[in-house]
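Residue numbers (this note's numbering): 1 to 158.
We put the CB at the ideal spot given by N, CA and C, even for glycine.
These figures come from a predicted structure and were not determined experimentally.
Worksheet for the structure shown next.
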Amino acid sequence: MNSRSIQVGPAKFGIAVHALIWLAQSGGFLTSASIAGQVNSHATFLRRVLALLSQSGIVEAREGRDGGYCLKKAADKLTLADIYVAVKSDECSGESADGGNCGGEAIMLLDQALNAIMAMAEQQTIDLLATYTLSDLMSKVSLCPSGQIGNGDMKCPS
């Protein structure tokens, strides 16, 4: 099997999961800048992801000097499907990239059929993700403040 990462779902999903694990482990509020540094993401992109998670009731956002983000739901109650649905974008709108009907009725029917298949695939993905919680994922890895990652039994280096 190839050791390279496989991207499943929107890029926002992976960043969201990483950020939520850091929030769960912190037990309190973290700034977007500190989370971005830990998950290797640009702070602006991360804030957009965190805004979606906030709108979905997964994180709490607090403004001001002592502000930041904290996990609003317990990690063992938060499924990966909850996270996926919160950050997924509606990329398939049924329109062509230029906003027109490029190719007539045959292309439109093909697009509708393909969109139906993609919707079923996405639902199967969501159903599978619903069987795992953030806590399940956290038990498989240790994220250390230094940014190192190990298996769930590994302690953070001092």
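Expressed to the nearest angstrom, what Euclidean distance is found between the alpha-carbon atoms of residue i and residue j?
i, j, result
"R62", "V49", "15 Å"
"I58", "L78", "8 Å"
"K88", "E122", "10 Å"
"S34", "L114", "41 Å"
"S32", "P10", "20 Å"
"L128", "G68", "31 Å"
"T133", "M120", "22 Å"
"S41", "G104", "41 Å"
"H18", "T131", "18 Å"
"L187", "A86", "The structure shown has nothing for residue 187, since the chain only spans 1 to 158."
"G28", "F45", "21 Å"
"S139", "Q112", "41 Å"
"K12", "M118", "19 Å"
"S26", "D66", "15 Å"
"S135", "A116", "32 Å"
Nearest to residue i by alpha carbon, out of the options?
i, options, result
"A16", "G37, D66, G57, Y84", "Y84"
"L71", "G64, Q55, R65", "Q55"
"F76", "G68, L137, F13, H42", "The residue asked about is misnamed: residue 76 is Asp in this sequence, not Phe. Among G68, L137, F13, H42, the Cα nearest to that of D76 belongs to L137."
"Q124", "Q25, A11, L80, S139", "L80"
"A74", "G64, E60, G67, G68", "E60"
"G64", "A116, L30, F45", "L30"
"G14", "I117, A36, M120, M118", "A36"
"Q38", "L23, G27, G28", "L23"
"I126", "S26, D82, S135", "D82"
Taking contact to mean 3 or more Cβ pairs, one atom from each stretch, closer than 8 Å, check whether the stretch 39–53 and the stretch 108–120 are in contact. no
So within the stretch 12–78, which uninterrupted beta strand (DSSP E) runs reach at least 3 residues, ignoring any that extend past its ends? 59–62, 68–71
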